[in-house]
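Chemist: First the structure, then my questions, so here it is.
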Amino acid sequence: MKRLLAFIKKEFAHVLRDKKTLLILFGMPVVQVLLFGFVLTHEVKNVKTLIIDQSQDATSAKLISKIKANPYFKIEASTLNVRRVEQYFKKGNAKLAMVFPANFGREHAGLHRTKIQLIADASDPNYATTAENYLTAIVQDFNSEINWEADIRYTIQPEMRMLYNPELKGAPNFVPGVMALVLMIICVMMTAISIAKEKETGTMEILLLSPIKPFWIIVSKIIPHLVLSVIDVISILLLSVFVLDIPIKGSVLLLMAESTLFVVNCLSLGIFISVETSSQQAAMLISLMGMLLPTILLSGFMFPIENMPEVLQWGSNLLPAKWFYTIVKAIVIKGLGFPAIWKETLILLAITASLLGISLKRFKIRLE
Amino acid sequence: MRTIKFLLGKELKQIFRNKSILAIIVVAPIIQLLILPFAANYEVRDIDVSLVDRDHSSYSRKLISKIQGSNYFRLTHCDDSFDKAYRHIESDAADLILEIPNGFERNRILEKHQQLFIAVNAINGTKANLGANYLIRTLQEFNEGLPTGAMNNSGLAQRSNLEVVFSNWYNPHLNYKRFMVPGILALLVTMIGGFVTALNIVKEKEVGTIEQINVTPIKKHHFILGKLIPFWVLGNVVFTIGLLISQLVYGIVSEGSILLLYGFITVYLLAVLGFGLLISTFCESQQQAILITFFFMMIFILTAGLFTPIDSMPEWAQFTTKLNPVTYLIEVMRMVILKGSTLTDVLPKLGVVALFGVVLNTWAIFNYKKTN
Amino acid sequence: MTEEHVIKTDKLTKRFGDFTAIHAITFKVNKGEIFGFLGANGAGKTTAVRMLCGLSRPTSGNAEVVGCDVYKQPEEIKKNIGYMSQKFSLYEDLTVLENIRFFGGIYGLCSARIKSKTNELIEQLGLQNEVKKLVASLPLGWKQKLAFSVAIIHNPKIVFLDEPTSGVDPLMRRQFWELIYEAANDEITVFVTTHYMDEAEYCDRLSIMVDGRIEALDTPRNLKERFGVTTLDELFYQLAREAKRGG
Chain A
1 MKRLLAFIKK EFAHVLRDKK TLLILFGMPV VQVLLFGFVL THEVKNVKTL IIDQSQDATS
61 AKLISKIKAN PYFKIEASTL NVRRVEQYFK KGNAKLAMVF PANFGREHAG LHRTKIQLIA
121 DASDPNYATT AENYLTAIVQ DFNSEINWEA DIRYTIQPEM RMLYNPELKG APNFVPGVMA
181 LVLMIICVMM TAISIAKEKE TGTMEILLLS PIKPFWIIVS KIIPHLVLSV IDVISILLLS
241 VFVLDIPIKG SVLLLMAEST LFVVNCLSLG IFISVETSSQ QAAMLISLMG MLLPTILLSG
301 FMFPIENMPE VLQWGSNLLP AKWFYTIVKA IVIKGLGFPA IWKETLILLA ITASLLGISL
361 KRFKIRLE
Chain B
1001 MRTIKFLLGK ELKQIFRNKS ILAIIVVAPI IQLLILPFAA NYEVRDIDVS LVDRDHSSYS
1061 RKLISKIQGS NYFRLTHCDD SFDKAYRHIE SDAADLILEI PNGFERNRIL EKHQQLFIAV
1121 NAINGTKANL GANYLIRTLQ EFNEGLPTGA MNNSGLAQRS NLEVVFSNWY NPHLNYKRFM
1181 VPGILALLVT MIGGFVTALN IVKEKEVGTI EQINVTPIKK HHFILGKLIP FWVLGNVVFT
1241 IGLLISQLVY GIVSEGSILL LYGFITVYLL AVLGFGLLIS TFCESQQQAI LITFFFMMIF
1301 ILTAGLFTPI DSMPEWAQFT TKLNPVTYLI EVMRMVILKG STLTDVLPKL GVVALFGVVL
1361 NTWAIFNYKK TN
Chain C
2001 MTEEHVIKTD KLTKRFGDFT AIHAITFKVN KGEIFGFLGA NGAGKTTAVR MLCGLSRPTS
2061 GNAEVVGCDV YKQPEEIKKN IGYMSQKFSL YEDLTVLENI RFFGGIYGLC SARIKSKTNE
2121 LIEQLGLQNE VKKLVASLPL GWKQKLAFSV AIIHNPKIVF LDEPTSGVDP LMRRQFWELI
2181 YEAANDEITV FVTTHYMDEA EYCDRLSIMV DGRIEALDTP RNLKERFGVT TLDELFYQLA
2241 REAKRGG
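Residue numbers (the numbering used here), protein chains in the order written: chain A, 1 to 368; chain B, 1001 to 1372; chain C, 2001 to 2247.
If you want it as structure tokens, here you go:
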């Protein structure tokens, strides 16, 4: 036991000495949470709009000022030259152009069908569609204000309730994903690289010659990373609760338990990679290309899984991160308990157990 | 001059013998371009609706079939209580609940205003927003589709007399892939340029061969050129592979000049390589280099407007995107490929990127001291 | 007649923060001699070599290598020296041939010269069958011999060898030293650091470093006489016993 402690101390010394790496390992989750929480959003706002008012009458002016007052839109310029639309679009200076036909006010007052044209830079189709929808809603709103007589007509009013995330923040979707990502970076990539480095420099053999069982050597290697991961997870949760205002609705204990399971999963993966590779570069590449990249792409936190083709959806099921992400969302955002996530937990458990088994076996084989 | 020739010879031999690097160069474009565009699909469709019909009238059934017929929605459940429907939301089997109250048909006949209750799983804010929007539109259409005979006597037309027509330029089929692929190309070039350079130099540091070079009469800038040039070539190679894949797999052909693209990439690569170089001067081990490069790349890529629009970011964040070279590349890629922008349109961005290149490389050369 | 000094130092000092690695060392190295720097690990040998090569800037004191000032003309120095470090100097992922050609080119040898030198080296080292093999596949002793030959490919005035024979068996070490003798015969000054006593015997003159200072400097024979010992081992032990650094 004492020997094990000696090894663990040495490993900690390694890790703590590398200040630059430590800085990044602690700083990364913070930066990610802040980025996702405050900067990255799919919301459509400040849409740069060009106004082409060929009518220039009171009605169009009214509508234009209504749009100006709306925070979703930013009127870049007003012009009569339709050719300018292309210029603005090509330079990236506007994303939407609104064209009022000549005699707009008159036609509208006379209850003739009047058409407003929206020209959108549809490079980003989602953005364009959303912007178009918003603007249409404003226009229709404007219209009903004017045609107040039409208010008598029968309408169906929907009452809307947004569940779990009434303010439509981007964060609830991302934060569980950030947790998974950070854990993978520390426990898979860093572990794999650190073991591979010892192999590369030959110090691994020295370790193996010591009277301590190889199993414990590996344990001593992963403990610093384990500690780092715990610290990181806690800081992510603290940040999201206090800075992003996303409370943990469910049981923190359950969350910790599930996180531990996921961490063990990642560590097994890290060991597995380090056993199978012979150099740091290779370990890094496999972790990055083979693990991190697919996780970021397919686990569901950056892109919705349900939109993906069957093949990818199927592939996503192989990723432990995907299950962990679902579990964390359920606990933190939806406030659900174990009964709701037992299936996912079981799957994660199965993947973890098999990974652990395989990696230990391979490690033993490699030794001989 | 001669020394550069020798340096380049050595670098190229080493690169081609390094299986890991070759693997990235070949595998990365393929994975990124073949998987990412399919995965990165923010379109909102197939919204699963769990319906609670408390009216069970022919009118409510009409609404139900309208929703069923919609392209956006999938009617997945019909329950008799809100609580049951809520379970579906909890288990992610449904995205939203539509509750048709008792008396729906009656109210319609009596021409009273109706209330429908909608609950949306808003964890994915975008999806919730768009889903809600679509539903409202669908309801409006349903509303307007009602036979005029049953309606009012005011003689006013039911349809709104103000119509908004859309013209979608550059991407008329609203194909999300068309939007993503050029951005992913940018991502590809950035990663190859940034990562690989940093790693390469730090490896030499770790192994000790850099000291050997330091002791020879090789000049600083020769050494750096010797490192930059091969990776610059590689970056272009990867870009070409990427362009080919975009064309063959996605049928995306650039509207604008391909020469312009290559020209921009040339300057851009210098900036990114400079960045990788700079990082390598700060790291002592490959481990550090990998982590630090990854960290910065991640920040750059996420804030460059690849996945989320820059205009929607808070003011201060928008300012920081201006300091990010990747932002410019992504914009230019999209501008040239999708909109056919020309040199004049792109010139200011080209200038900024060139400036980055100069600053980063100078800083790196300054840092790389043969004597310490 | 004053002999030409290839290295001249005067109170050369290197400090890292408040740690003094090299303390005011003063010595001269003559042209064509094999000058040894003996010392325990941590005594400062590598630091000294790095300063003389222009890899590290001294904190104070003066030094001139091949007539050039280490402060003002480090790049000039580099043109006229060869260097072989502990960690190795050859590219493991290039072949024997490629390494020779590369370093030849780096030192500005013209193509014809590179060619003739290459043949000469391969002949001398008996590497005819290994020419196209990656350096990584060569046994340690061969790598070192090759590294040395490559280090002097441009016939420098002096070659610095920093613990060149670490980890190699005595037979190989002897062979390596044969190469050193040949170089010395060709008027190349050899500055070698080592902690092997038997190698110390091979040097023309020897300086012994303890804790960053030169405790003794003379021919091996004179040193033994002066300290009244029969082997350099004993001498070294006497001096190093008081050492505070290294091990």
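Ideal Cβ placement from N, Cα and C applies to all residues, glycine included.
Beta carbons nearer than 7 Å to chain B: which residues of the region 2166-2194 of chain C have them?
Modeler: Taking 7 Å as the Cβ-Cβ cut-off against chain B, none of the residues of the region 2166-2194 of chain C qualify.
Chemist: Residues in its own chain within less than 7 Å of glutamine 1318 (chain B) by CB, not counting five upstream and five downstream?
Modeler: Along the second sequence, read from residue 1 onward, the residue named residue 1318 (chain B) stands at position 318. So the list reads Ile1310, once near-sequence residues are dropped.
Chemist: Whose C-alpha, out of C:Phe2027, C:Glu2098 and C:Lys2011, is nearest the C-alpha of asparagine 1007 (chain B)?
Modeler: Within the second sequence, numbered from 1, the residue matching residue 1007 (chain B) stands at position 7. Before going further, note that residue 1007 (chain B) is leucine rather than asparagine in the sequence given. Nearest C-alpha to leucine 1007 (chain B): C:Glu2098.
Chemist: In or out: glycine 1155 (chain B) buried (at least 16 other Cβ within 10 Å) or exposed?
Modeler: Sequence index remark: in the second sequence, residue 1155 (chain B) carries index 155 (1-based). Residue confidence is low: glycine 1155 (chain B) scores 36 on pLDDT, short of 50, so the model does not pin down where it sits. Its coordinate-derived value is still stated next. Flag for glycine 1155 (chain B) reads exposed.
Chemist: Strictly under 8 Å for the Cβ-Cβ distance: is phenylalanine 1366 (chain B) near chain C by that measure?
Modeler: In the second sequence, counting from the first residue as 1, residue 1366 (chain B) sits at position 366. No, phenylalanine 1366 (chain B) lies away from the interface with chain C (no Cβ there is under 8 Å from its Cβ).
Chemist: Which bits of chain B does aspartate 2093 (chain C) rub up against, with CB to CB less than 9 Å?
Modeler: Counted from its first residue, the third sequence places residue 2093 (chain C) at position 93. Simply Lys1013, Gln1014, Arg1017 and Asn1018.
Chemist: By the three-class DSSP mapping on this structure, what secondary structure does aspartate 141 (chain A) have?
Modeler: Residue numbering aside, residue 141 (chain A) sits at position 141 when the first sequence is read from its first letter. In the structure shown, aspartate 141 (chain A) sits in a helix (DSSP, three-state: H, G or I).
Chemist: Mapping DSSP to helix, strand and coil, what is valine 2070 (chain C)?
Modeler: As a working note, residue 2070 (chain C) is residue 70 in the third sequence. Here valine 2070 (chain C) sits in coil by DSSP.
Chemist: Any beta-carbon of chain A closer than 8 Å to the one on asparagine 1102 (chain B)?
Modeler: Position 102 of the second sequence, counted from the first residue, corresponds to residue 1102 (chain B). Cβ-Cβ to chain A under 8 Å: no for asparagine 1102 (chain B).
Chemist: Using a threshold of 8 Å, state whether the C-beta atoms of isoleucine 186 (chain A) and aspartate 232 (chain A) are closer than that.
Modeler: As a position in the first sequence, residue 186 (chain A) is number 186, starting the count at 1. As a position in the first sequence, residue 232 (chain A) is number 232, starting the count at 1. In contact: isoleucine 186 (chain A) and aspartate 232 (chain A) (Cβ atoms closer than 8 Å).
Chemist: Can you list, in chain order, the residues of its chain whose CB lies under 8 Å from that of aspartate 18 (chain A), leaving out five sequence neighbours each side?
Modeler: Numbered from 1 along the first sequence, position 18 holds the residue referred to as residue 18 (chain A). Cβ within range, chain order: n/a, list empty.
Chemist: For tyrosine 2083 (chain C), which three-state DSSP category applies?
Modeler: Sequence index remark: in the third sequence, residue 2083 (chain C) carries index 83 (1-based). In the structure shown, tyrosine 2083 (chain C) sits in a strand (DSSP, three-state: E or B).
Chemist: Tell me, please, whether the CB atom of glycine 1125 (chain B) is closer than 8 Å to any CB atom in chain A?
Modeler: Stepping through the second sequence from its first residue, residue 1125 (chain B) is reached at position 125. Closer than 8 Å to some Cβ of chain A, the Cβ of glycine 1125 (chain B) qualifies, so yes.
Chemist: Using DSSP bridges, identify the partner residues of histidine 42 (chain A).
Modeler: Taking the first residue of the first sequence as 1, we reach residue 42 (chain A) at position 42. Per DSSP, none; premise fails for histidine 42 (chain A).
Chemist: When burial is assigned at 16 or more other CB atoms within 10 Å of the CB, is glutamate 2225 (chain C) buried or exposed?
Modeler: Position 225 of the third sequence, counted from the start, is the residue given in the question as residue 2225 (chain C). Classification for glutamate 2225 (chain C): exposed.
Chemist: Let me confirm a value: serine 2060 (chain C) is counted as buried when at least 16 other C-beta atoms fall within 10 Å, else exposed. Which label applies?
Modeler: On the third sequence, residue 2060 (chain C) is found 60 positions in, with the first residue counted as 1. That one is exposed.
Chemist: Tell me the rounded alpha-carbon separation between cysteine 2068 (chain C) and glutamate 2076 (chain C).
Modeler: On the third sequence, residue 2068 (chain C) is found 68 positions in, with the first residue counted as 1. On the third sequence, residue 2076 (chain C) is found 76 positions in, with the first residue counted as 1. For cysteine 2068 (chain C) and glutamate 2076 (chain C), the distance between alpha carbons rounds to 7 Å.
Chemist: Where does methionine 179 (chain A) sit, in a helix, a strand or coil, going by DSSP?
Modeler: Here residue 179 (chain A) refers to the residue found at position 179 when the first sequence is read from its first residue. Three-state result, methionine 179 (chain A): helix.
Chemist: Run down chain A in chain order and give the residues with a C-beta less than 7 Å from the C-beta of leucine 1261 (chain B).
Modeler: Taking the first residue of the second sequence as position 1, residue 1261 (chain B) is located at position 261. Within chain A, no residue comes near leucine 1261 (chain B); the closest Cβ sits about 15 Å away, beyond 7 Å.
Chemist: Can you find a CB in chain B that lies within less than 8 Å of the CB of serine 2089 (chain C)?
Modeler: Taking the third sequence and counting its residues from 1, one reaches residue 2089 (chain C) at position 89. Closer than 8 Å: yes.
Chemist: To the nearest angstrom, how far is it from the Cα of alanine 2147 (chain C) to the Cα of tryptophan 1232 (chain B)?
Modeler: Residue numbering aside, residue 2147 (chain C) sits at position 147 when the third sequence is read from its first letter. Residue numbering aside, residue 1232 (chain B) sits at position 232 when the second sequence is read from its first letter. If I take the Cα positions, the gap works out to 31 Å.
Chemist: Does the CB of arginine 1061 (chain B) have a neighbour CB from chain A at under 8 Å?
Modeler: One-based indexing of the second sequence puts residue 1061 (chain B) at position 61. Not an interface residue.
Chemist: For chain B, find out if any of its Cβ atoms is closer than 8 Å to the Cβ of alanine 6 (chain A); answer yes or no.
Modeler: Numbered from 1 along the first sequence, position 6 holds the residue referred to as residue 6 (chain A). Alanine 6 (chain A) does not count as touching chain B.
Chemist: CB-CB under 6 Å to valine 2065 (chain C), same chain, minus the five flanking residues each way: which ones, in chain order?
Modeler: The residue given as residue 2065 (chain C) occupies position 65 in the third sequence. Same-chain partners within the cutoff: Ile2007, Leu2052 and Ile2077.
Chemist: What three-state label does DSSP hand serine 359 (chain A) in the structure shown?
Modeler: Indexing the first sequence from 1 puts residue 359 (chain A) at position 359. Residue state, collapsed to three classes: helix.
Chemist: Where does arginine 161 (chain A) fall in DSSP's three states?
Modeler: Mapped onto the first sequence, residue 161 (chain A) falls at position 161. Looking at arginine 161 (chain A) - three-state DSSP - the assignment turns out to be strand.
Chemist: Which residues in chain C have a C-beta closer than 7 Å to the C-beta of glycine 1183 (chain B)? List them in chain order.
Modeler: By one-based count along the second sequence, residue 1183 (chain B) stands at place 183. Those do not exist, as glycine 1183 (chain B) stays about 35 Å from chain C at its closest Cβ, beyond 7 Å.
Chemist: Taking Cβ-Cβ distances below 7 Å as the criterion, which residues of the region 2121-2151 of chain C are in contact with chain B?
Modeler: Answer in chain order: no residues at all.
Chemist: Beta-carbon of asparagine 1171 (chain B) versus every beta-carbon of chain A: anything under 8 Å?
Modeler: As a position in the second sequence, residue 1171 (chain B) is number 171, starting the count at 1. Output row for asparagine 1171 (chain B): interface = yes.
Chemist: Using three-state DSSP, classify histidine 2023 (chain C) as helix, strand or coil.
Modeler: Position 23 of the third sequence, counted from the first residue, corresponds to residue 2023 (chain C). Histidine 2023 (chain C): strand per DSSP, three-state reduction.
Chemist: Could you tell me which chain A residues have their CB closer than 8 Å to the CB of valine 1091 (chain B), listed as they occur along the chain?
Modeler: The residue labelled residue 1091 (chain B) in the question sits at position 91 within the second sequence. The amino acid at residue 1091 (chain B) is misidentified as valine; the sequence shows serine. The answer, in chain order, is Ala340.
Chemist: Show which residues of chain B have a CB atom less than 9 Å away from the CB atom of valine 182 (chain A).
Modeler: Numbered from 1 along the first sequence, position 182 holds the residue referred to as residue 182 (chain A). Result: empty, since nearest Cβ-Cβ is about 11 Å, beyond 9 Å.
Chemist: Which same chain residues end up closer than 6 Å to serine 1246 (chain B) when comparing Cβ atoms and leaving out the 5 residues on each side of it in sequence?
Modeler: The residue given as residue 1246 (chain B) occupies position 246 in the second sequence. So the qualifying residues of the chain are Val1181 and Ile1252.
Chemist: Verify the CB distance criterion: does tyrosine 2083 (chain C) have a CB-CB separation below 8 Å to chain B?
Modeler: Taking the third sequence and counting its residues from 1, the one referred to as residue 2083 (chain C) is at position 83. Cβ-Cβ to chain B under 8 Å: yes for tyrosine 2083 (chain C).
Chemist: Would you list the one or two residues that DSSP bridges to serine 2207 (chain C)?
Modeler: Here residue 2207 (chain C) is taken as the residue at index 207 of the third sequence, counted from 1. In the DSSP output, where bridge partners are listed per residue, serine 2207 (chain C) has C:Phe2037 and C:Leu2217.
Chemist: Using a Cβ-Cβ distance under 8 Å, would isoleucine 2106 (chain C) count as near chain B?
Modeler: On the third sequence, position 106 is the one that residue 2106 (chain C) refers to. Cβ-Cβ to chain B under 8 Å: yes for isoleucine 2106 (chain C).
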